[in-house]
Amino acid sequence: MGFSYDWDREIATCRPEYYKWEQWLFLKMLENGMAYRRESFVNWCEKCQTVLANEQVEQDKCWRCSQPVRQKKLWQWFFRITDFAEDLLVHCDKLPGWPEKVTVMQKNWIGKSVGSELRFRVAGMDEEIEVFTTRPDTVFGATFMCLAPEHPLVETLCRGTDQEQAVAAFVEKVAAQERSLEGLEKYEKEGVFTGRYCINPATGEEIPIYTANFVLMGYGTGAIMSVPCGDQRDFDFARKYHLEIRVVVQPEGETLDPDIMETAYTGPGIMVNSGRFNGMDNDTAMEAITDWLAEQGRGKKAVSFRLRDWGISRQRYWGTPIPVIHCPDCGVVPVPEQDLPIVLPEDVNLMEKGGSPLPFLEDFKQTTCPACGREDARRDTDTMDTFVESSWYYLRYCSPRYEQGMFDPDAVQYWAPVDQYIGGVEHAVLHLLYSRYFMRVLHHFGMIDFKEPFTRLLTQGMVCKETMTCPEHGYLFPEQAKKTKEDAYVCTRCGKDVEVGRVIKMSKSKKNVVDPNELMETYGADVTRLFCLFAAPPERDLEWSEDGVEGSNRFVNRVWRLALACMDTIDTRQVTRYTGPAGDLKNPDAKALYIKTHQTIHKVTADIDESFHFNTAIAAVMELVNALYTIDLDTADVETKAVVLAAMDSMVLLLSPIIPHFCEEVFEKMGGQGSVLEQPWPKQRNDSLETDEALVVVQVNGKLRSRFSVAADTDESVIKEMALADEKIVRHIQDQPVKKIILINKKQILVNIVV
RNA sequence: GCCGAAGUGGUGGAAUUGGUAGACACGCUAGACUUAGGAUCUAGUCCCGCAAGGGGUGGAGGUUCAAGUCCUCUCUUCGGUACCA
């Protein structure tokens, strides 16, 4: 296809030369508390003895063996991305080169909310429950408390009460449910009383403590104060379990009755049932109540983020081994730097069920503790999330063979950050956020002097195609399905009817992929490039179809014939290309073509430079070519020929990034010196962009009724008079009085006559 | 569910800040040239209508002299949703 990659800089992130430095950074992060280990939950299939991705869990069952999946606690490594939550959020607004939709998604993902942290004492125990709430104004309406089933206090609270068994059963049941924000909505909201009460710090009253499946341990503090009058989930829960609903915020001019309310009221209002805060508007009360509770040591202002720390442990084989050693005496011990890289062993039997073979490889696992020398220490057998690799590979390109560190600081200083990054919009949050985080880590260590990895970002759309399924052979490649006369498809191997599925993004596993090599063989690289670029703007999803590729081929041939015609009819010893202002041209056809040429240069430059909209850039050049075709070179005068040469020159340069091989040849044929790729980009003459005539379109009551041309410098009042005198307009106005005439003079002149 | 997009002729797609909807192509129709055409050229092609005119950017409302574009509601499709990467 004629891409200009510098293969000397090729890297592969699965090679030890690369991931050695990832392990090195991990150790540095570990040393600085930026990487840490804690227990967390994974989807676990007992039968397959493996961890499942969320997408591998189908209706709470393993996709492979259909056994129920349960939540299992494992020790896992995390990166403290939340330390940078605020910084990552703030800089979302300082990325002018990024599409706004991406920064919006990132902001929502980080999910900052401002509120208060409140502490509730457990009645009769020396324990406290901390909650985060965005609505401290409603604390007087908190009539119960809900803890996540995984909350460490749940077990302590119910122990010894008659609820102990019920709670244990509930926790077990929830362990079989998917515990994510997404999963929350799938299950009916339910909970169980823990047998204990806590004290509402505002009212001093005892309120029951529940554990409920809609509270997540990973979000906030894993506990919520439930205010049924002001939160729909709490409201539903209170109705279900017959808990008190107490109104504390009343919309102005209304009286809410808790017995007949059907939904929670979340809007603004006046405080009621809230002691000394009654009568205050709830907005003021937020601050006032927080301050009041703070004085008593029962709360403070706080912010909470939806963003969670980045779990990087994978119980998988493919990935960078995590460079730590577990010693019975010393605990977790980092691998000494001189022992890096810890190489992923390659002589392994891959597991049928998807689990990692590493925990079974004694040679790999068994090692000596670097701290105390014990010989029964064992290596960590987890590998890192592959997002870790993709978070810094672009810096490695700056010095791909560098052996003294992740990258050569001078090279990174010179090249980075990346000027223009291109990737699918499916990476809008994870990959792009992790990369931004990694640059902050490196910046924190003083290794780089910038924080943002990608100055400009283009999120390209996906190429999509329908899937084909044969009842016998499963997914088929497009060439394995043959079209029948009835516009249906049959399998080329078994002849059975093929089912045509939905249009989805191309993927190897679904086989709905096309090979550009076939187009390349038929039409060549340039026509293939032209066709792809002309099909749609890059940020848009594209349903692949080869209809229209003939048109691209036709266009290239049209240009070629134009070049041949020029060489046949224009003697370049006598005619040189015109470069002056349009105003000096006498022949109106020559002048029009010259103006068109400069308009085209202007448009193509802007389309490519600002937005990579090659499709409209190509369309503009096509218009120029169409204009060139209207000129009869056999009868043209010298002035016109000089303008044609100028137009041809510009056209070849404008097309050169799109169809480079072809343009190289035309450039040479037309007498160009050197390579077309070394020529400066054409520049439009700003004095040659506008024609002498302007089109006036005339509307009556907003409907187009007539149009005519005037000299570009015609006075506006004259144009209005001409519009009113226009035959078609007169007919439409008839004898109705003219109320108003609006004249807009932007890209064209528009007159709207209101009657 | 939540977050983010997209929806315009038979098709891919155009349309600075609201200002001629359908640029540029594909396809189709007719014609010219040609021994021939899957080459090339010319003309036509949003829909209804002989025309004058009317309708039209997923749907329903609204703001405006003027709405594909702004606002409200809604439908459909796609991407992401933290272990697909």
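The opening position of the first sequence corresponds to residue 514 in this note's numbering, with each subsequent residue numbered one higher. C-beta: ideal position from N, C-alpha, C; glycine also.
**Request:** Please state if the CB of residue 988 and the CB of residue 980 are separated by a distance shorter than 9 Å.
**Result:** Here residue 980 refers to the residue found at position 467 of the first sequence. Here residue 988 refers to the residue found at position 475 of the first sequence. Result yes, Cβ atoms of residue 980 and residue 988 sit closer than 9 Å.
**Cutoff 8 Å; reference residue 1217; Cβ partners in own chain excluding five residues on either side** = Taking the first residue of the first sequence as position 1, residue 1217 is located at position 704. Answer for residue 1217: 1210 and 1211, listed in chain order.
**Message:** Tell me the DSSP secondary structure of residue 911 in three-state form.
**Reply:** Start at 1 with the first residue of the first sequence, and residue 911 comes out as number 398. DSSP places residue 911 in coil when its eight states are reduced to three.
**Request:** Label residue 623 either buried or exposed according to how many other C-beta atoms from any shown protein chain fall within 10 Å of its C-beta, with 16 as the threshold for buried.
**Result:** Counted from its first residue, the first sequence places residue 623 at position 110. Result: buried.
**Assigned exposure category for residue 520 - 16 Cβ within 10 Å defines buried** = The residue given as residue 520 occupies position 7 in the first sequence. So residue 520 counts as exposed.
**Prompt:** Going by the beta-carbon positions, is the gap between residue 1236 and residue 1219 smaller than 9 Å?
**Reply:** What you label residue 1236 is simply residue 723 of the first sequence in a count that begins at 1. What you label residue 1219 is simply residue 706 of the first sequence in a count that begins at 1. Yes, the Cβ-Cβ distance between residue 1236 and residue 1219 is below 9 Å.
**Asked** Per DSSP, what kind of secondary structure is residue 1212 in: helix, strand or coil?
**Response** In the first sequence, counting from the first residue as 1, residue 1212 sits at position 699. If DSSP states are grouped into helix, strand and coil, residue 1212 belongs with the strands.
**Whole-angstrom C-beta distance between residue 556 and residue 543, which should lie under 8 Å** = Looking up residue 543 in the first sequence gives position 30. Looking up residue 556 in the first sequence gives position 43. 26 Å between Cβ atoms; not a contact.
**Asked** Can you tell which of 1193, 1133 and 1123 has the C-alpha that lies nearest to the C-alpha of residue 611?
**Response** One-based indexing of the first sequence puts residue 611 at position 98. Of the listed residues, the one whose Cα sits closest to residue 611 is 1123.
**Item:** Ordered list of alpha helix (DSSP H) runs contained in the segment 1069-1152, each at least 4 residues
**Value:** 1101-1124 and 1127-1142
**Message:** Can you tell me whether residue 682 is buried or exposed? The criterion is at least 16 other CB atoms within 10 Å of its CB, across all chains shown.
**Reply:** The count along the first sequence starts at 1 and reaches residue 682 at position 169. Residue 682 comes out exposed.
**Item:** DSSP three-state assignment for residue 941, whether helix, strand or coil
**Value:** Residue 941 sits at position 428 when you count from the first residue of the first sequence. Residue 941 falls in the coil class under three-state DSSP.
**Request:** Measure the Cβ-Cβ separation of residue 592 and residue 822 and say whether it is below 9 Å.
**Result:** As a first step, residue 592 must be located in the first sequence, where it is residue number 79. As a first step, residue 822 must be located in the first sequence, where it is residue number 309. For residue 592 and residue 822, yes; Cβs fall inside 9 Å.
**Request:** Give every residue of the same chain whose Cβ lies closer than 7 Å to the Cβ of residue 1240, excluding the five residues on either side of it in the sequence, and list them in chain order.
**Result:** Along the first sequence, one-based indexing puts residue 1240 at 727. Correct list: empty, nothing qualifies.
**Prompt:** Would you say residue 590 and residue 919 are within 9 Å of each other, going by their C-beta atoms?
**Reply:** To locate residue 590, count along the first sequence from 1; it is residue 77. To locate residue 919, count along the first sequence from 1; it is residue 406. Not a contact, by the Cβ cut-off of 9 Å.
**Asked** If we count the other Cβ atoms within 10 Å of its Cβ and call it buried at 16 or more, is residue 581 buried or exposed?
**Response** Translated into the one-based positions of the first sequence, residue 581 becomes position 68. Classification of residue 581: exposed, given that the 10 Å Cβ count is below 16.
**Request:** Provide the residue span of the alpha helix (DSSP H) that contains residue 529, from first to last.
**Result:** Residue mapping note: residue 529 aligns to position 16 of the first sequence, counting from 1. That run of the alpha helix (DSSP H) goes 529-544.
**Prompt:** Hey, is the segment 1086-1095 in contact with the segment 1170-1181, meaning 3+ C-beta pairs nearer than 8 Å?
**Reply:** no
**Request:** Whole angstroms is fine: what's the gap from residue 1183's alpha carbon to residue 1023's?
**Result:** Stepping through the first sequence from its first residue, residue 1183 is reached at position 670. Stepping through the first sequence from its first residue, residue 1023 is reached at position 510. For residue 1183 and residue 1023, the distance between alpha carbons rounds to 48 Å.
**Item:** Sufficient close CB pairs (3 or more, under 8 Å) joining the segment 891-908 to the segment 525-536
**Value:** yes
**Request:** Could you work out which residue in 1168, 1145 and 730 is closest to residue 1121 when comparing CA atoms only?
**Result:** Position 608 of the first sequence, counted from the first residue, corresponds to residue 1121. Answer by Cα proximity: 1168.
**Request:** Check whether the Cβ atoms of residue 1072 and residue 1036 sit closer than 9 Å, and answer yes or no.
**Result:** For this step, residue 1072 is matched to residue 559 along the first sequence. For this step, residue 1036 is matched to residue 523 along the first sequence. No, Cβ-Cβ distance for residue 1072 and residue 1036 is not below 9 Å.
**Request:** Could you check the C-alpha separation between residue 1014 and residue 982 for me, to the nearest Å?
**Result:** The residue you call residue 1014 lines up with position 501 of the first sequence. The residue you call residue 982 lines up with position 469 of the first sequence. Cα to Cα, the separation comes out at about 7 Å.
**Message:** Across the segment 640-657 and the segment 613-629, are there enough close Cβ pairs to call them in contact, namely three or more that are closer than 8 Å?
**Reply:** yes
**Request:** Ignore the nearest five residues each way along the sequence and tell me which others in residue 994's own chain have a CB closer than 8 Å to its CB.
**Result:** Numbered from its first residue, the first sequence carries residue 994 at position 481. Cβ within range, chain order: 981, 983, 1002, 1003, 1004, 1005 and 1011.
**Message:** How far does the alpha helix (DSSP H) with residue 683 in it extend, from its first residue to its last?
**Reply:** Residue 683 sits at position 170 when you count from the first residue of the first sequence. Note, residue 683: alpha helix (DSSP H), 677-687.
**Request:** For residue 556, name the three-state secondary structure that DSSP assigns.
**Result:** Taking the first sequence and counting its residues from 1, one reaches residue 556 at position 43. It is a strand residue.
**Item:** Validate contact between the segment 730-750 and the segment 770-779 using beta carbons, cut 8 Å, 3 pairs
**Value:** yes
**Request:** Leaving out five residues on either side along the sequence, give the residues of the same chain with a beta carbon under 6 Å from the beta carbon of residue 560.
**Result:** The residue labelled residue 560 in the question sits at position 47 within the first sequence. Once the five neighbours on either side are set aside, the close Cβ partners of residue 560 are 578 and 580.
**Asked** What do you get for residue 528, buried or exposed, if any count of 16 or more other CB atoms within 10 angstroms of its CB means buried?
**Response** Position 15 of the first sequence, counted from the first residue, corresponds to residue 528. The residue is exposed, with fewer than 16 neighbouring Cβ atoms inside 10 Å.
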